[in-house]
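Enquirer:
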Amino acid sequence: MSVKMSNEMKLDKFTVKQLAEIDACTRCGNCLDLCSAYIGSSDVSISPKKKMEKLKKAVDVRYNIFYRLFGKNKLSEKDLEAISKAAFDCTMCSRCEVDCHINIKLKDMWLKLREILVDLGKYPEILDMMRTRLINSHNVSFDTNEGRTNWAAQIPDIPENRYIKEKADIIYFVGCVSSFSPRVFKIPRSMVQILNAANVDFGLLGDEEWCCGFPLLSSGFKEDFIDFAKHNIEKVNKTGARYLITSCPSCYHMWKHTYAELKLGIKAEFEILHVVQYIYKIVKEGKLTLKPLDLKVTYHDPCDLGRNSDVYEEPRNLIKMIPGVKFVELENNRKLATCCGGGGNVEAVNVKLSDSIAKIKAHEIIKTGADIVVTSCQQCVRTIQQALKKENSKIKTMDLTELILASISGAQV
5 MSVKMSNEMK LDKFTVKQLA EIDACTRCGN CLDLCSAYIG SSDVSISPKK KMEKLKKAVD
65 VRYNIFYRLF GKNKLSEKDL EAISKAAFDC TMCSRCEVDC HINIKLKDMW LKLREILVDL
125 GKYPEILDMM RTRLINSHNV SFDTNEGRTN WAAQIPDIPE NRYIKEKADI IYFVGCVSSF
185 SPRVFKIPRS MVQILNAANV DFGLLGDEEW CCGFPLLSSG FKEDFIDFAK HNIEKVNKTG
245 ARYLITSCPS CYHMWKHTYA ELKLGIKAEF EILHVVQYIY KIVKEGKLTL KPLDLKVTYH
305 DPCDLGRNSD VYEEPRNLIK MIPGVKFVEL ENNRKLATCC GGGGNVEAVN VKLSDSIAKI
365 KAHEIIKTGA DIVVTSCQQC VRTIQQALKK ENSKIKTMDL TELILASISG AQV
């Protein structure tokens with residue numbers, strides 16, 4: 005944990021509604037069997053139910069007259085360590101919200117809790133390294149931001165400007181992982197080739213594309229995040245774009261929902277779409293022709309695209325539009341889709357937990373008998389691909405952009 009600062013949680017950072025929800029939670033346990041972290045660890049202490057119990061105690065210690073009368077007006081060091089572990093051993097998948105009878109927005113609760121714990125200095129030290137990298141280089145990798153378009157080098161007939169433009173009808177916001185992780189370079193390369201095939205006017209921001217800020221916000225560093233959000237909105241507005249598209253679900257959720265909800269004082273002057281929504285749009289407009297693929301395909305719903313943004317039909321419709329493809333659903337799909345284990349910074353904080361969650365996802369995929377598991381997220385691709393490899397499975401993992409490119413180009417998969 006980080007350096008100790010204080011044992012008094014700044015509970016006034018919670019909204020009045022959130023404080024009421026902490027009190028209203030019945031601790032029924034409906035969320036227990038939905039929680040990715042609990043399923044992956046069997047550790048009830050990090051479950052949503054226990055987190056709410058710990059928060060209720062924190063609220064009582066602060067506001068309950070009986071606690072104050074007996075001099076218990078602060079949480080113990082042990083209490084704070086337990087709350088911090090529960091807060092950061094969480095993928096932020098929101099699956100716990102699916103069967104909450106009083107409809108508590110638990111993901112928002114966990115985000116605010118992390119912010120409060122950061123103020124206390126009660127958070128994993130490894131997150132300081134991530135924060136420093138982001139502030140210094142504006143991305144989550146160890147590379148400088150000038151390398152944002154290095155992935156584009158192997159695209160056929162790439163223009164000298166690498167698609168970096170001052171003005172464009174569409175801005176493709178690639179995201180940090182796809183920009184800097186070679187294992188998923190195929191995603192932006194595929195998307196660029198799809199855009200070229202559709203003959204649309206698109207551009208990249210290059211090194212003016214900063215991280216969307218999700219890693220900072222989800223770690224509790226809200227104040228740092230705001231600068232990233234404002235920068236990105238300003239840079240895209242200057243291009244005069246009508247659309248911003250992104251292949252990262254967390255980037256999409258940040259652009260579509262979080263930036264607007266936080267009222268940053270600057271408005272996005274363009275429509276925001278995930279690439280699966282945009283590809284579905286141009287396929288329906290006849291700008292792309294899908295050719296047959298003889299494959300059995302299943303689809304994994306990324307948490308931030310599916311459950312957190314309600315984008316379920318477009319990816320499924322696209323897969324089903326490819327002639328010859330047999331589509332089969334995972335046992336847990338749409339709102340009940342299980343997390344791949346790669347979310348919420350858990351991969352950095354608790355790799356054992358991340359691997360355990362990913363293993364469960366891999367077994368679910370293997371049961372389908374599919375040739376390929378398709379998703380719409382670079383982090384899900386990385387995590388699932390690795391998990392299937394550990395299980396010695398021959399099932400391929402692909403982003404939907406890769407499958408669509410294979411279809412329009414008539415390539416073998």
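The numbering of the sequence shown is the numbering used here, which starts it at 5 and goes up by one.
C-beta: ideal position from N, C-alpha, C; glycine also.
Computed from a prediction, not measured in an experiment: that's the story for all the values here.
For glutamate 275, which of helix, strand or coil comes out of DSSP?
Expert: Strand, per DSSP.
Enquirer: Roughly how many whole angstroms lie between the Cα atoms of phenylalanine 18 and isoleucine 130?
Expert: Distance between the alpha carbons of phenylalanine 18 and isoleucine 130 is about 25 Å.
Enquirer: May I have the straight-line CA-CA distance separating serine 145 from valine 181, to the nearest angstrom?
Expert: The alpha-carbon atoms of serine 145 and valine 181 are separated by roughly 8 Å.
Enquirer: Could you tell me which residues DSSP puts in a beta bridge with isoleucine 191?
Expert: Its beta-bridge partners do not exist; DSSP assigns none.
Enquirer: Measure the CB-CB distance between glycine 244 and lysine 171 and report whether it falls below 8 Å.
Expert: Cβ distance < 8 Å, so glycine 244 and lysine 171 count as in contact.
Enquirer: Can you look up aspartate 403 in the DSSP assignment and give me helix, strand or coil?
Expert: Three-state DSSP puts aspartate 403 in a strand.
Enquirer: Assign aspartate 93 to one of two classes, buried (16 or more other C-beta atoms within 10 Å of its C-beta) or exposed (fewer than that).
Expert: Aspartate 93 should be labelled buried.
Enquirer: How about alanine 391 and lysine 363: do their beta carbons lie closer than 8 Å?
Expert: Cβ distance < 8 Å, so alanine 391 and lysine 363 count as in contact.
Enquirer: Looking at aspartate 123 and lysine 14, is the spacing between their C-beta atoms short of 8 Å?
Expert: It is a contact, given that the beta carbons lie within the stated cut-off.
Enquirer: What's the C-alpha gap between glycine 269 and threonine 293?
Expert: Each residue's Cα considered, the two are about 42 Å apart.
Enquirer: May I ask you to report which of helix, strand or coil DSSP gives lysine 14?
Expert: Lysine 14: coil per DSSP, three-state reduction.
Enquirer: Give the straight-line distance between the Cα atoms of lysine 400 and valine 102, rounded to the nearest whole angstrom.
Expert: Cα to Cα, lysine 400 sits roughly 30 Å from valine 102.
Enquirer: Nearest-angstrom Cα distance between lysine 356 and asparagine 236?
Expert: Computed Cα separation, rounded: 34 Å.
Enquirer: So is histidine 367 buried or exposed if we call it buried at 16+ other beta carbons inside 10 Å?
Expert: Counting Cβ neighbours within 10 Å, histidine 367 comes out exposed, since fewer than 16 surround it.
Enquirer: Run through the DSSP bridge pairs and tell me what tyrosine 247 is partnered with.
Expert: Partner(s): Ile174, Glu275.
Enquirer: Can you look up isoleucine 376 in the DSSP assignment and give me helix, strand or coil?
Expert: Three-state result, isoleucine 376: strand.
Enquirer: Cutting at 7 Å between CB atoms, please list the residues of its own chain near methionine 195, excluding the five before and the five after it.
Expert: Counting only Cβ-Cβ distances below 7 Å, and skipping sequence neighbours, we find Tyr176, Ser251, Val279, Thr405.
Enquirer: What's the call for histidine 257, buried or exposed, on a 16-neighbour Cβ count within 10 Å?
Expert: Histidine 257 should be labelled buried.
Enquirer: Determine the burial state of alanine 1: buried for a count of at least 16 other Cβ atoms within 10 Å of its Cβ, exposed for fewer.
Expert: Because the chain here runs from 5 to 417, residue 1 falls outside it and cannot be looked at.
Enquirer: May I have the straight-line CA-CA distance separating tryptophan 114 from leucine 297, to the nearest angstrom?
Expert: The straight-line gap from Cα to Cα measures roughly 42 Å.
Enquirer: Would leucine 208 pass as a contact of threonine 153 if the rule is Cβ separation under 8 Å?
Expert: Against a cut-off of 8 Å, the Cβ pair of threonine 153 and leucine 208 comes out as a contact.
Enquirer: When the Cα atoms are used, what is the spatial distance from aspartate 83 to valine 188?
Expert: Their backbone Cα atoms lie some 40 Å apart in a straight line.
Enquirer: Can you tell me the Cα-Cα spacing of glycine 328 and isoleucine 120, whole angstroms?
Expert: Taking the straight line from one Cα to the other gives about 52 Å.
Enquirer: Out of Lys295, Thr148, Ser88, Gly224, which has the shortest C-alpha to C-alpha gap to phenylalanine 419?
Expert: Given a span of 5 to 417 for the chain in the structure shown, any question on residue 419 remains unanswerable.
Enquirer: Anyone know if the C-beta pair for aspartate 228 and isoleucine 139 falls short of 8 Å?
Expert: The answer is yes: Cβ separation under 8 Å.
Enquirer: Measuring straight from C-alpha to C-alpha, what distance separates arginine 338 and cysteine 344?
Expert: Distance between the alpha carbons of arginine 338 and cysteine 344: 14 Å.
Enquirer: With H, G and I counted as helix, E and B as strand and the rest as coil, what does DSSP make of leucine 299?
Expert: If DSSP states are grouped into helix, strand and coil, leucine 299 belongs with the strands.
Enquirer: Does DSSP put valine 329 in a helix, a strand or coil?
Expert: Of the three classes helix, strand and coil, the one that applies to valine 329 here is strand, per DSSP.
Enquirer: With DSSP as the reference, label leucine 79 as helix, strand or coil.
Expert: Leucine 79 falls in the coil class under three-state DSSP.
Enquirer: So, isoleucine 174 versus tyrosine 127, is the Cβ gap smaller than 8 Å?
Expert: In this structure, tyrosine 127 does not lie closer than 8 Å to isoleucine 174 by Cβ.
Enquirer: Is the distance from the Cβ of cysteine 384 to the Cβ of glycine 346 below 8 Å?
Expert: Contact flag set, yes.
Enquirer: Hey, would you say proline 163 sits closer than 8 Å to leucine 110, going by beta carbons?
Expert: Cβ atoms of proline 163 and leucine 110: not closer than 8 Å.
Enquirer: Would you identify the three-state DSSP class for leucine 292, choosing helix, strand or coil?
Expert: Coil, per DSSP.
Enquirer: Have a look at His105, Ala62, Met133 and flag the residue whose alpha-carbon is nearest the alpha-carbon of alanine 352.
Expert: Here the closest residue by C-alpha is Met133.
Enquirer: If the criterion is Cβ atoms closer than 8 Å, does the pair leucine 36 and alanine 62 meet it?
Expert: No; because the gap between Cβ atoms is not below 8 Å, this pair is not in contact.
Enquirer: For glutamate 150 and lysine 234, I'd like the C-alpha separation in whole angstroms.
Expert: Approximately 20 Å between the Cα atoms of the pair.
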